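In our numbering, each number is its position in the sequence shown, counted from 1, plus 174.
Note sheet for the following structure.
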Amino acid sequence: MRAAVLTEYGKLTWQDMPMPQPGLDEVLIRVEYAGICGSDMHVFHGDFKSRTTLPLIPGHEFAGVIADTGPNTTRFSPGDRVTVDPILWCGQCAACRIGHYPACTSLKLIGIDMHGGFGEYVAVPEASVYAVPLSVPARHAALIEVYSIGFHACSRAGLGENDTVVIWGTGRIGRSILQAARIKTKNTIFCVDVLPSRLEKAGLSDPDIVHIDSRNQDPVAVIYELTDGRGADVAFEAVGHAVSVPGRPDPVRCCVQSIRGAGTVCVLGLGDAPAPVLMKELIWKEARIVASRVSHGEFSDAIQNLKDGRLDPESMISAEFPGSGAQKAFGLLEKEPENYIKVLLNFSESG
Ligand SMILES: [Zn+2]
Ligand SMILES: [Zn+2]
């Protein structure tokens, strides 16, 4: 089979690889589409060297059809459309013992710690596989993992149906939260970004979604004004690598400032720099900060809502390349990150 193989850090080569064989408890998937994630960029550059062994087929966001099944598997037949939850937790650590799997201290990912979905075929444990109705195109099914992160963030924040929400950052993760939050709450959602093009294309044009360009407007002031001085119930920080806007505090502190008393801030941005928070602003509000990592049981929610047409997958997709164009796709994502949200690799027509 052909695959986009990380042969050296910074270089994906489209080449032949041995056909994977499903183990006893595994299924073989013929990959149709895979998405490129921020973590894939880190893998590409060797930032996860302690976990990655070359040559590696990366890719943890993918969908395809079952091609073959291992002898102990029972749930799937060839031709079924599926996607894969790439997270493999250890089951032994303190977090795993209380069932809090996203916090596993030795969390492994298909596509980082072992071969993933940037090839024509991949063998994965049956337990990690979710059925997707054939009515959901594979191009959209490849986004289910990203959507599961948005639904997980909503559940971590305890988002209720009347909650006012603010989302700092409308990139891949912010957009996934926006679309999940639009399903979970009937109230106003504020989206804050520094890139007007991102705000415009954030999807779900809806009068109850307010876009704030933080370079021209003070987001906290706008949120208070439009909530009659109350503040938002929940704020999500999905900026990632801190973008400093002159005259504005860092995004986490802005989140704290924008919520009401006893509100919730949910942080997801994986920046490397410390995010200064003025603790008294948090304490006065007796507010809650919760973190959200990967997902935990939200694949079904994402699949159901995608099937029901309640998500806007096309607004997530900026470009599509054949699997053989992986190196080019990574180059573009690196050169012009502001112009691309989700870039998909198509493996069904790679030839
Ligand atoms: Zn990802
Ligand atoms: Zn664990």
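Ideal Cβ placement from N, Cα and C applies to all residues, glycine included.
Source: prediction; values computed, not measured.
The beta carbon of V394 sits closer than 7 Å to the beta carbons of C428, Q431, S432 from its chain, once the five residues preceding and following it are set aside; these are given in chain order. In this structure, the C-beta of W263 approaches ligand 2 to less than 7 Å from one of its heavy atoms. For I231, the number of other beta carbons within 10 angstroms of its own is at least 16, and it is reported as buried. By the neighbour-count criterion, in which 16 or more other beta carbons inside 10 Å mark a residue as buried, T344 falls on the buried side. According to the DSSP assignment, A237 belongs to the beta strand (DSSP E) that extends over 235-243. In the DSSP assignment, A409 is bridged to V340, V439.
If the five residues before and after G435 are omitted, its C-beta is found closer than 6 Å to the C-beta atoms of K459, all from its own chain and listed in chain order.
Within 7 Å of the C-beta of S498 there is not a single heavy atom belonging to ligand 1.
The nearest non-hydrogen atom of ligand 2 is less than 7 Å from the C-beta of T279.
S469 is the residue among Y207, S469, K223 whose C-alpha sits nearest the C-alpha of E319. Straight-line spacing of the CA atoms in G324 and T438 works out to 16 Å. Minimum Cα-Cα distance from I351 among the listed residues C264, E411, E294 corresponds to E411. For a cut-off of 8 Å, the C-beta gap from I240 to V256 is around 6 Å, short enough to register as a contact. By a beta-carbon distance limit of 8 Å, E206 contacts A312. Their separation comes to about 4 Å. Ligand 1 has a heavy atom closer than 7 Å to the beta-carbon of E319.
Measuring C-alpha to C-alpha distances from C278 to each of M288, W263, F292, I272 identifies W263 as the nearest. From the listed residues G244, N361, V426, D367, the smallest Cα separation to L400 is found for N361. Ranking V179, F250, W188 by CA distance to the CA of T227 puts V179 first.
C-alpha of G414 to C-alpha of W342: approximately 10 Å in a straight line. Here DSSP, grouped into helix, strand and coil, assigns W263 to coil.
Cα atoms of P370 and L442: separation of roughly 22 Å, rounded to the nearest angstrom. Secondary-structure assignment with DSSP links V217 through no beta bridge to anything. One Cα belongs to R467, the other to R249, and the distance between them is close to 28 Å. Taking 8 Å as the cut-off, the Cβ atoms of E235 and A297 do not count as close. Where L202 is concerned, there is no enclosing alpha helix (DSSP H), although the beta strand (DSSP E) around it starts and stops at 200-210. The straight-line gap separating the alpha-carbon atoms of G265 and L283 is approximately 14 Å.
Counting along the chain, D367 sits inside the beta strand (DSSP E) bounded by residues 363-367. In the three-state reduction of the DSSP assignment, Q501 falls in the helix class, which pools H, G and I.
Ligand 1 never approaches E472 closely enough for any of its heavy atoms to be under 7 Å from the residue's Cβ.
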